[in-house]
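Chemist: Quick one: the structure is below, and I'll ask about it shortly.
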Amino acid sequence: MAERSPGDRHVPVMRDRCVELLLGGADVLRRAGHAPVVIDATLGMGGHAEALLSSCDDVRVIGLDRDTQALELAGRRLSAYAERFRGVRTVYDRADEVAAEELVDGEALAGILFDLGVSSLQLDEAERGFAYSYDAPLDMRMDAAADSEDETAAELLARITEADLRRILKEYGEERFAGRIASRIVARRGSTPFTSTADLAAVVDAAVPGASKRTGGHPAKRTFQALRIAVNRELEVLAEAVPRAMDALPLGGRLVVLSYHSLEDRLVKQSITSRTRSSAPQGLPVELEEHRPTFRPLTRGAEIPDQEEMAVNPRAASAKLRSAEKIKAVRSTR
């Protein structure tokens, strides 16, 4: 059977809207004599990058990903745009550093895109260990290369305390049976370490009361989400990444973020709100310049995909899009 192409395997969520937002201010840069550059901070298999490159023949895209397999597949997909695309292996909280290193004279940063969460590639590759529906090594690392220093989910489960595991399951997975599941996992690992996704899924399934399994999908879904977030430090990285990206944008530069669960969206909302509202104390008769917002929102709250897109691409169903544009060139004092 022929290998499926990245284009067949990955349908970018809210593709056209993301392109519209990211390039909406590019004309301002062009009039100032700058060539627009977009950083796709979560490249994946290159769907959004391809849409950006095909929509404008003068835009350059720098794609970031910690996953070497994603970089290789995206590079193949974007080979026709090789002169205007560069892939960089790194974590997305370094988007500001990459911008400083990669942009050359005459270029300006038009936008930075974050498409958060686990990618189609990682979900579809059984051996990566992200999915409870496949029996595979319990890995879950986004950077699974031979030289990766990240620990696997199996290594995390072997060392974590029951209290910390319970906290991770509750906070990152919003798991109501976090205590029961953590207790069962710790009890079982005392005799046999966890090495496979099927083994973990079975223990979680046994820990969840039968009456609670009638709705909400597989009982291991929230546990796998929580462990994936913990293994890849997703929320810690995100809390740093969005403010740093906003600092890196020039006047007119745009931030676009797609999130897929409430924990991600909450962090993104907080970061954007802190820059789009006045910081002036209540009751101040005149708003001083230093208190004025540095960004303006481009979306009213969070936008969601339309019904047609959700029907065609089920992974879009939980997506929320937020975007803002820089209107004042003052660095944050965070």
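Residue 639 in our numbering is what sits at position 177 of the sequence shown, and the numbering runs on without skipping anything.
Glycine residues also receive a C-beta, built at the ideal position from the N, C-alpha and C atoms.
Alpha carbon to alpha carbon, what distance is there between A570 and L662?
Modeler: Locating residue 662 in the sequence shown gives position 200, where the first residue counts as 1. Locating residue 570 in the sequence shown gives position 108, where the first residue counts as 1. If you take the alpha carbons of L662 and A570, they lie about 47 Å apart.
Chemist: Looking at the structure shown, is A673 part of a helix, part of a strand, or coil, going by DSSP?
Modeler: As a position in the sequence shown, residue 673 is number 211, starting the count at 1. Note: A673 maps to helix in three-state DSSP.
Chemist: Contact between the region 615–632 and the region 642–653 is defined here as three or more beta-carbon pairs at a separation below 8 Å; is this criterion met?
Modeler: Yes, the region 615–632 is in contact with the region 642–653.
Chemist: Look up P776 in the DSSP assignment and say whether it is helix, strand or coil.
Modeler: Looking up residue 776 in the sequence shown gives position 314. In this structure, P776 counts as helix in the three-state DSSP scheme.
Chemist: In whole angstroms, give me the CA-to-CA distance for L540 and V499.
Modeler: Sequence index remark: in the sequence shown, residue 540 carries index 78 (1-based). Sequence index remark: in the sequence shown, residue 499 carries index 37 (1-based). Their Cα atoms are separated by approximately 16 Å.
Chemist: Using the rule of at least 16 other Cβ atoms within 10 Å of the residue's Cβ for burial, across every protein chain shown, is P474 buried or exposed?
Modeler: As a position in the sequence shown, residue 474 is number 12, starting the count at 1. Its Cβ being crowded by 16 or more others within 10 Å, P474 is buried.
Chemist: Based on Cα-Cα distance, which residue from S516, R621, K632 and D529 lies nearest to A688?
Modeler: Taking the sequence shown and counting its residues from 1, one reaches residue 688 at position 226. The shortest Cα separation from A688 among S516, R621, K632 and D529 belongs to K632.
Chemist: Who are the Cβ neighbours of I691 in its own chain at under 7 Å, not counting the five residues just before and after it?
Modeler: Indexing the sequence shown from 1 puts residue 691 at position 229. The answer, listed in chain order, is Y634 and L697.
Chemist: L618: which of G525, H496 and R603 sits nearest, CA to CA?
Modeler: The residue labelled residue 618 in the question sits at position 156 within the sequence shown. The option with the nearest alpha carbon to L618 is R603.
Chemist: Count the other C-beta atoms from every protein chain shown that fall within 10 angstroms of the C-beta of D489, then say buried if there are 16 or more, exposed otherwise.
Modeler: Here residue 489 refers to the residue found at position 27 when the sequence shown is read from its first residue. The residue in question, D489, is exposed, as its Cβ has fewer than 16 Cβ neighbours within 10 Å.
Chemist: Assuming the contact rule is C-beta atoms closer than 8 Å, L720 and L783 should be a hit. Round their C-beta distance to whole Å, please.
Modeler: The residue labelled residue 720 in the question sits at position 258 within the sequence shown. The residue labelled residue 783 in the question sits at position 321 within the sequence shown. Confirmed, about 5 Å.
Chemist: Less than 9 Å between the beta carbons of E726 and L578, yes or no?
Modeler: Taking the first residue of the sequence shown as 1, we reach residue 726 at position 264. Taking the first residue of the sequence shown as 1, we reach residue 578 at position 116. Against a cut-off of 9 Å, the Cβ pair of L578 and E726 comes out as a contact.
Chemist: Where do the ends of the beta strand (DSSP E) carrying E702 lie?
Modeler: To locate residue 702, count along the sequence shown from 1; it is residue 240. Careful: E702 lies outside any beta strand (DSSP E), inside the alpha helix (DSSP H) at E696 to A710.
Chemist: Just tell me which of V553, A668 and K675 has its CA closest to the CA of R706.
Modeler: Here residue 706 is taken as the residue at index 244 of the sequence shown, counted from 1. Here the closest residue by C-alpha is V553.
Chemist: For D502, does the three-state DSSP call read helix, strand or coil?
Modeler: For this step, residue 502 is matched to residue 40 along the sequence shown. It is a strand residue.
Chemist: Can you tell me which residues form a DSSP beta bridge with I524?
Modeler: Position 62 of the sequence shown, counted from the first residue, corresponds to residue 524. Per DSSP, I501 and R548.
Chemist: Which of helix, strand or coil does DSSP assign to A598?
Modeler: For the purposes of this step, residue 598 is taken as the residue at position 136 of the sequence shown. Correct three-state label for A598: coil.
Chemist: Could you have a look at A740 and say whether DSSP puts it in helix, strand or coil?
Modeler: Position 278 of the sequence shown, counting from 1, holds the residue named residue 740. Correcting the residue identity first, residue 740 is Ser in this sequence and not Ala. Three-state result, S740: coil.
Chemist: Does DSSP classify G487 as helix, strand or coil?
Modeler: For the purposes of this step, residue 487 is identified with residue 25 of the sequence shown, where counting begins at 1. Three-state DSSP puts G487 in coil, outside helix and strand.
Chemist: Starting from L575, follow its DSSP beta bridges and name the residues at the other end.
Modeler: Taking the sequence shown and counting its residues from 1, one reaches residue 575 at position 113. Beta-bridge pairing links L575 to D502 and V718.
Chemist: Below 6 Å CB to CB, which residues in the same chain sit around A703 once its five sequence neighbours on both sides are set aside?
Modeler: In the sequence shown, residue 703 corresponds to position 241, counting from 1. Only Y554 and D555 meet the Cβ criterion.
Chemist: Note the first and the last residue of the continuous alpha helix (DSSP H) segment covering S517.
Modeler: Locating residue 517 in the sequence shown gives position 55, counting from the first residue. Where S517 is concerned, the enclosing alpha helix (DSSP H) stretches over G509 to S517.
Chemist: Need the endpoints of the alpha helix (DSSP H) that E787 sits in, please.
Modeler: As a first step, residue 787 must be located in the sequence shown, where it is residue number 325. Per DSSP, E787 belongs to no alpha helix (DSSP H); it is in the beta strand (DSSP E), K782 to K788.
Chemist: How about G549 and D527: do their beta carbons lie closer than 9 Å?
Modeler: In the sequence shown, the residue the question calls residue 549 occupies position 87. In the sequence shown, the residue the question calls residue 527 occupies position 65. Closer than 9 Å, so yes.
Chemist: For R716 and A572, which I take to be in contact (beta-carbon distance under 8 Å), what is that distance rounded to the nearest angstrom?
Modeler: Position 254 of the sequence shown holds residue 716. Position 110 of the sequence shown holds residue 572. Correct: roughly 7 Å between the Cβ atoms.
Chemist: Taking all protein chains shown into account, do 16 or more other C-beta atoms lie within 10 angstroms of the C-beta of K788, making it buried, or fewer, making it exposed?
Modeler: Counting from one through the sequence shown, the residue named residue 788 turns up at place 326. Buried.
Chemist: What's the call for V666, buried or exposed, on a 16-neighbour Cβ count within 10 Å?
Modeler: As a first step, residue 666 must be located in the sequence shown, where it is residue number 204. Classification of V666: buried, given that the 10 Å Cβ count is 16 or more.
Chemist: Output the boundary residues of the alpha helix (DSSP H) element that contains R539.
Modeler: Taking the sequence shown and counting its residues from 1, one reaches residue 539 at position 77. Per DSSP, R539 belongs to the alpha helix (DSSP H) from T530 to R539.
Chemist: What does the alpha-carbon distance come out to for the pair I797 and A673?
Modeler: Missing from the structure shown is residue 797; the chain here goes from 463 to 796 and no further.
Chemist: Could you check which residue in V521, C518, L505 and S653 has the C-alpha nearest to that of R538?
Modeler: One-based indexing of the sequence shown puts residue 538 at position 76. Among V521, C518, L505 and S653, the Cα nearest to that of R538 belongs to L505.
Chemist: Which of the three DSSP states, helix, strand or coil, is assigned to T795?
Modeler: Indexing the sequence shown from 1 puts residue 795 at position 333. Because the pLDDT at T795 is just 46, under 50, the model does not fix this residue reliably, and the point stays unresolved.
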